[in-house]
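Each remark here refers to the structure printed beneath this line.
In our numbering, the protein residues as written are 13 to 342.
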């Protein structure tokens, strides 16, 4: 099986800087969603790389001299993965000469914030409003779905499948506080309509010709169940597995690495002294879940020369997570 991790390592194993590797992933990884699917109303965007060899040369040069990227990121300020990804992409758009504005807030006459443009990018004929979402969701299908999410008209509903069919609402956030379907509904119905507001038109004098969502990330599936085909999800998206702690204890694991939040984007590549064997990672997780219920992202590693490289990743969740997920309204 040719996994995304294997493809990424073949292409980018010579990149050593964590942040350059994350940027390479953002630019070259497959989109999470199928932009040709009718449920997204043709409002999904992609990153088009006009000259791939030029991109490779630039990234390898940046890896050898990463100080400008580090300075632009101001790494110590980032607590949220989404902000980190946004600023990585800002650096790329600046390099390409595409960036008109990043994080531009729109206020009404009372100085209240109406919304914010993630990016305004130069394009032929005007500007493109681009919203970036970098998301990580676990698939847990609920066969008996609530009806409140299906009450929108067919013109505005993301869900056209039958109630028993898997949907984007079956992808749940690790903390069970949102879903892929709910997130996309917010992006499409609220965030991408910002340019239609009078205050936004007054603020941005140039014509905004389109609004698009760029959705990157990883989706995780129960390792004991077959991967489902879900309408609206890209066939070649980045994927991993999820396990309860009890299930994880039964796996044959050569080496593993507990990924911190800012390490979630690109497949991991570290030195041998940074990984843990099975007994070490189990002890780490058991101690962690004794005081914390937040799921943990773990990379399963294998040796490649002098390096340890990720060949599989998965979310490890508390043993009661599946029961709690089953109680979430969809």
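Glycine residues also receive a C-beta, built at the ideal position from the N, C-alpha and C atoms.
In this text, all values refer to a predicted model and were calculated from it rather than measured experimentally.
Requested in this report: Over the uninterrupted beta strand (DSSP E) stretch that includes residue 311, give me the two end residues.
Outcome: What you label residue 311 is simply residue 299 of the chain shown in a count that begins at 1. Segment 308 to 316, the beta strand (DSSP E) holding residue 311.
Query raised in the report: If you compare alpha carbons, which of 71, 272, 80, 57 is closest to residue 28?
Result: Numbered from its first residue, the chain shown carries residue 28 at position 16. When only C-alpha atoms are compared, the closest one is 71.
Requested in this report: Identify which residue in 57, 206, 61, 197 has its Cα closest to the Cα of residue 115.
Outcome: Taking the first residue of the chain shown as 1, we reach residue 115 at position 103. Minimum Cα distance to residue 115 is reached at 206.
Query - Supposed contact pair residue 119 and residue 129 - C-beta distance, whole angstroms, cut 8 Å - result: Start at 1 with the first residue of the chain shown, and residue 129 comes out as number 117. Start at 1 with the first residue of the chain shown, and residue 119 comes out as number 107. About 12 Å separates the two Cβ atoms, so there is no contact after all.
Report task. Thinking residue 147 and residue 195 are a contact (beta carbons under 8 Å), I'd like their distance in whole angstroms, please. Result -> Position 135 of the chain shown, counted from the start, is the residue given in the question as residue 147. Position 183 of the chain shown, counted from the start, is the residue given in the question as residue 195. Between residue 195 and residue 147 the Cβ distance is about 6 Å, and since that is below 8 Å, they are a contact.
Query raised in the report: What are the boundary residues of the beta strand (DSSP E) that residue 147 is part of?
Result: As a first step, residue 147 must be located in the chain shown, where it is residue number 135. That run of the beta strand (DSSP E) goes 138 to 151.
Query raised in the report: Going by alpha carbons, who is nearest to residue 290 out of 314, 307, 302, 303?
Result: By one-based count along the chain shown, residue 290 stands at place 278. Of the candidates 314, 307, 302, 303, 314 places its Cα closest to the Cα of residue 290.
Requested in this report: Entirely within the segment 40 to 103 and at least 4 residues each: give me those alpha helix (DSSP H) ranges in chain order.
Outcome: Scanning the segment 40 to 103 from its first residue to its last, the whole alpha helix (DSSP H) runs of 4-plus residues come out as 64 to 76, 79 to 85.
Query raised in the report: Would DSSP call residue 199 helix, strand or coil?
Result: Locating residue 199 in the chain shown gives position 187, counting from the first residue. The answer is helix: DSSP assigns residue 199 an H, G or I state.
Requested in this report: With a 10 Å radius around its C-beta and 16 neighbouring C-beta atoms as the bar for buried, classify residue 221 as buried or exposed.
Outcome: For the purposes of this step, residue 221 is taken as residue 209 along the chain shown, with counting starting at 1. Burial call: exposed.
Query raised in the report: Which residues in the same chain as residue 278 place their Cβ atom closer than 6 Å to its Cβ, once the five residues preceding and following it in sequence are excluded?
Result: Within the chain shown, the letter at position 266 stands for residue 278. Same-chain partners within the cutoff: 33, 34, 37.
Query raised in the report: Could you give the distance in angstroms between the alpha-carbon of residue 43 and the alpha-carbon of residue 292?
Result: As a first step, residue 43 must be located in the chain shown, where it is residue number 31. As a first step, residue 292 must be located in the chain shown, where it is residue number 280. Roughly 34 Å separates the two Cα atoms.
Report task. Kindly identify the DSSP beta-bridge partner or partners of residue 117. Result -> Taking the first residue of the chain shown as 1, we reach residue 117 at position 105. Per DSSP, 128.
Query raised in the report: Which residues in the same chain as residue 61 place their Cβ atom closer than 6 Å to its Cβ, once the five residues preceding and following it in sequence are excluded?
Result: Against the chain shown, residue 61 aligns to sequence position 49. 67, listed in sequence order.
**Report entry** Three-pair Cβ contact test at 8 Å for the segment 232 to 242 versus the segment 252 to 267
**Finding:** yes
Query raised in the report: What's the call for residue 181, buried or exposed, on a 16-neighbour Cβ count within 10 Å?
Result: In the chain shown, counting from the first residue as 1, residue 181 sits at position 169. Buried, because 16 or more other Cβ atoms sit within 10 Å of the Cβ of residue 181.
Requested in this report: Check residue 262 in the structure and name its three-state DSSP category.
Outcome: Here the question's residue 262 lines up with position 250 in the chain shown. Correct three-state label for residue 262: coil.
Query raised in the report: Within the chosen definition, does the segment 316 to 327 reach the segment 294 to 303 through at least 3 CB pairs nearer than 8 Å?
Result: no
Requested in this report: Using the Cα positions of residue 227 and residue 97, report the straight-line distance between them to the nearest angstrom.
Outcome: By 1-based counting over the chain shown, the position of residue 227 is 215. By 1-based counting over the chain shown, the position of residue 97 is 85. The alpha-carbon atoms of residue 227 and residue 97 are separated by roughly 11 Å.
Report task. Determine the contact status of residue 334 and residue 240, defining contact as a CB-CB distance below 7 Å. Result -> Your numbering for residue 334 matches position 322 in the chain shown. Your numbering for residue 240 matches position 228 in the chain shown. Contact flag unset, no.
Query raised in the report: Helix, strand or coil: how does DSSP classify residue 193 here?
Result: Here residue 193 corresponds to residue number 181 of the chain shown, with the count starting at 1. Helix.
Query raised in the report: Between the C-alpha atoms of residue 149 and residue 185, what's the straight-line distance to the nearest angstrom?
Result: Here residue 149 is taken as the residue at index 137 of the chain shown, counted from 1. Here residue 185 is taken as the residue at index 173 of the chain shown, counted from 1. Using only the alpha carbons, I get a separation of about 5 Å.
Query raised in the report: What three-state label does DSSP hand residue 283 in the structure shown?
Result: Residue numbering aside, residue 283 sits at position 271 when the chain shown is read from its first letter. Residue 283 carries a strand assignment under DSSP once its states are collapsed to helix, strand and coil.
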